Every structure is written in C-alpha cells, then in structure tokens.
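The working numbering puts the first residue of the sequence shown at 55, with every later residue one more than the last.
In this text, a Cβ means the ideal position worked out from N, Cα and C, and glycines have one as well.
Please read all numbers here as calculations on a predicted model, not as lab measurements.
Worksheet for the structure shown next.
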Amino acid sequence: KVPRTRRDLVGDYCNFDQLFVSRIYNLDNIKRGDILVFRSEELDDMLIKRVIGLPGDKIDIEDGVVSVNGEVLQEDYVVNNDHFYGKFEVPEGKYFFLGDNRPISHDSRKWINPYIDGKYIEAKAQIKVYPFKDFGSIK
55 KVPRTRRDLV GDYCNFDQLF VSRIYNLDNI KRGDILVFRS EELDDMLIKR VIGLPGDKID
115 IEDGVVSVNG EVLQEDYVVN NDHFYGKFEV PEGKYFFLGD NRPISHDSRK WINPYIDGKY
175 IEAKAQIKVY PFKDFGSIK
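Here's what the structure looks like:
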C-alpha cells in the first residue's frame, strides 16, 4: 500500500493504491525525479514523494517554479502548482522532496527540517499494480 500521501504526491495516488517498489541499497543510484519511499523522523511516518534535491544542490523556488543549481526544472508531472517562494541548500547526505500536487503537499517546503537523511530512504516506486485500471510503470 502507498504510505500516507493525502493525494499530495500525484493526483492519482491515494492510501489504497498498491505499488511495487525496489529497495535502495546504494544512494548513488538515486536520480532527481525518482519517487521514493522514506521515513520522516519529524512526522514519525513513512512517506512517498518525488526527490528534487540531491546532496549539494541549491534549490530556488520562485512563484512555484523550481530551479536546481540555476536550471529550471521541466516538471510535467506537477498536477497543480502554487505560488511558493523559497531557497534551500541541500546538505551532504541529505535529500529534498516535493509532492506533485503542490498546493496540498506537506513536503520539504513545509517541514521544520526540510531535508531527509539518506539513511531513512527505503525504496523507489516502480510499478502501480492496484487499482488494476491504473496498472503501469511509475514516471
């Protein structure tokens, strides 16, 4: 089952969806845009979000437009955008996450500590298997 998303990752994912995930053993294999399952110490919960910032990245969000290291991200996966402004510098060994349904996503922008330590990253979402009508790989 999908960890609590409150429909904030992607408009189609909710608490009853079921996904196949693959365990992450090597953090060097994480790529920007991957949808990852991780534990939030702050929220004391397992979450699923899209990784936007890798260790050492500088993230600028201006009126909802996300830039990483000076390059504007092409985010076709964003369901709804918002007008958020913020600057973040991802420390070594940490990651920055955003949900795809930005106005309602409780993600790195809103956490007291906006970064998740790599040791809390569990898996990468690969395939949505239920509901059956939505079966397919996750992008």
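Report all residues from its chain with a CB closer than 7 Å to the CB of residue i; omit the five preceding and five following residues, and keep chain order.
| i | result |
| --- | --- |
| Gly140 | Ile115 and Arg163 |
| Ser94 | Leu101 and Ile170 |
What residue from the options has the CA that sits closest to residue i's CA?
| i | options | result |
| --- | --- | --- |
| Glu125 | Asp117, His160, Gly118 and Ile113 | Ile113 |
| Pro145 | Ile102, Pro109, Ile89 and Asp99 | Pro109 |
| Ile158 | Pro168, Ser76, Arg77 and Asp136 | Asp136 |
Does any residue of chain B bring its CB to less than 7 Å from the CB of residue i?
| i | result |
| --- | --- |
| Ile113 | Chain labels in this structure do not include chain B; a single protein chain is all it has. |
Give me, in chain order, the residues of the same chain whose beta-carbon lies closer than 6 Å to that of residue i; leave out the 5 immediate sequence neighbours on both sides.
| i | result |
| --- | --- |
| Ile170 | Phe92 and Tyr149 |
Quick one: what does DSSP say residue i is sitting in, helix, strand or coil?
| i | result |
| --- | --- |
| Tyr174 | helix |
| Arg156 | helix |
| Asn134 | strand |
| Asp99 | strand |
Find out if the Cβ-Cβ distance for the pair residue i, residue j is shorter than 7 Å.
| i | j | result |
| --- | --- | --- |
| Ile175 | Glu96 | no |
| Gly172 | Gly147 | yes |
| Gly118 | Phe138 | yes |
| Lys103 | Phe142 | no |
| Asn155 | Asn134 | yes |
Determine the direct distance from the alpha carbon of residue j to that of residue i, and round the result to whole angstroms.
| i | j | result |
| --- | --- | --- |
| Glu129 | Met100 | 24 Å |
| Ser121 | Leu127 | 6 Å |
Grab me the residues of residue i's own chain with a C-beta within less than 8 Å of its C-beta, minus the 5 sequence neighbours each way, in chain order.
| i | result |
| --- | --- |
| Ala177 | Val75, Ser76, Arg77, Ile78, Leu90 and Val91 |
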